[in-house]
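In the numbering used here, the protein residues as written are 8 to 117.
Backbone N, C-alpha and C fix where the C-beta goes; we use that ideal spot for every residue, glycine too.
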Amino acid sequence: FIGDVPCRLMNRSKNLAGISLDHGIGKFKQQVSYKAQRAGGHAQEIKERDSTRTCAVCLEVYPRIGLGVREWKCGNCSTVHDRDVNAARNILRLGREALTHLHCRRAVQA
Numbered sequence: 008f009i010g011d012v013p014c015r016l017m018n019r020s021k022n023l024a025g026i027s028l029d030h031g032i033g034k035f036k037q038q039v040s041y042k043a044q045r046a047g048g049h050a051q052e053i054k055e056r057d058s059t060r061t062c063a064v065c066l067e068v069y070p071r072i073g074l075g076v077r078e079w080k081c082g083n084c085s086t087v088h089d090r091d092v093n094a095a096r097n098i099l100r101l102g103r104e105a106l107t108h109l110h111c112r113r114a115v116q117a
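Structure, rendered in structure tokens:
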């Protein structure tokens with residue numbers, strides 16, 4: 008699964024502009040998709056919105072936080088999250104949910 012953050016939005020941020028241009032996120036996504044297809048798989052883009060601030064344990068949405076805040080504690084379940092690890096867990100969960108819905112639709116159509 009790949010997050011859907013558009014490079015053009017990252018380029019607006021003074022802190023992230025160099026990252027998106029230097030590392031070629033768009034090219035990376037293209038290569039992941041190509042390699043997945045070549046191996047008989049599929050690369051699925053998942054909506055990243057609020058993935059860093061949604062608790063991966065209880066799904067409570069934490070208030071907006073600045074990019075400098077790397078860890079936060081959920082006010083609902085008290086789990087302490089690393090921002091990036093939490094986002095990865097949420098993207099994985101959303102991807103799995105998308106796959107489940109896809110398989111259910113195919114089973115109904117069959």
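Item to check | Supposed contact pair residue 81 and residue 92 - C-beta distance, whole angstroms, cut 8 Å | outcome: Within the sequence shown, numbered from 1, the residue matching residue 92 stands at position 85. Within the sequence shown, numbered from 1, the residue matching residue 81 stands at position 74. That pair is no contact at about 13 Å.
Next on the checklist: Rounded to the nearest angstrom, what separates residue 96 and residue 47 at their Cα positions?
Outcome noted: If you number the sequence shown from 1, residue 96 lands on position 89. If you number the sequence shown from 1, residue 47 lands on position 40. Each residue's alpha carbon lies about 24 Å from the other.
Checklist entry - Between which two residues does the beta strand (DSSP E) harbouring residue 54 extend? => result The residue given as residue 54 occupies position 47 in the sequence shown. Careful: residue 54 lies outside any beta strand (DSSP E) and carries neither H nor E.
Checklist entry - Does the beta-carbon distance from residue 8 to residue 75 come in below 7 Å? => result Mapped onto the sequence shown, residue 8 falls at position 1. Mapped onto the sequence shown, residue 75 falls at position 68. Not in contact: residue 8 and residue 75 (Cβ atoms no closer than 7 Å).
Checklist entry - Which whole runs of the beta strand (DSSP E) in the stretch 54 to 106 are 3 residues long or more, in chain order? => result 78 to 80 and 87 to 89
Checklist entry - Taking C-alpha atoms, which residue in 94, 36, 32 and 11 lies nearest to residue 77? => result Sequence index remark: in the sequence shown, residue 77 carries index 70 (1-based). Taking only the C-alpha atoms, the option nearest residue 77 is 94.
Item to check | Same chain only: Cβ atoms within 8 Å of residue 68, ignoring 5 sequence neighbours per side | outcome: Residue numbering aside, residue 68 sits at position 61 when the sequence shown is read from its first letter. The answer, listed in chain order, is 57, 60, 61 and 62.
Checklist entry - With a CB to CB cut of under 6 Å and the five nearest residues on each side skipped, what residues in its chain are close to residue 1? => result Examination of residue 1 is not possible in this model, given that the chain is present from 8 through 117 alone.
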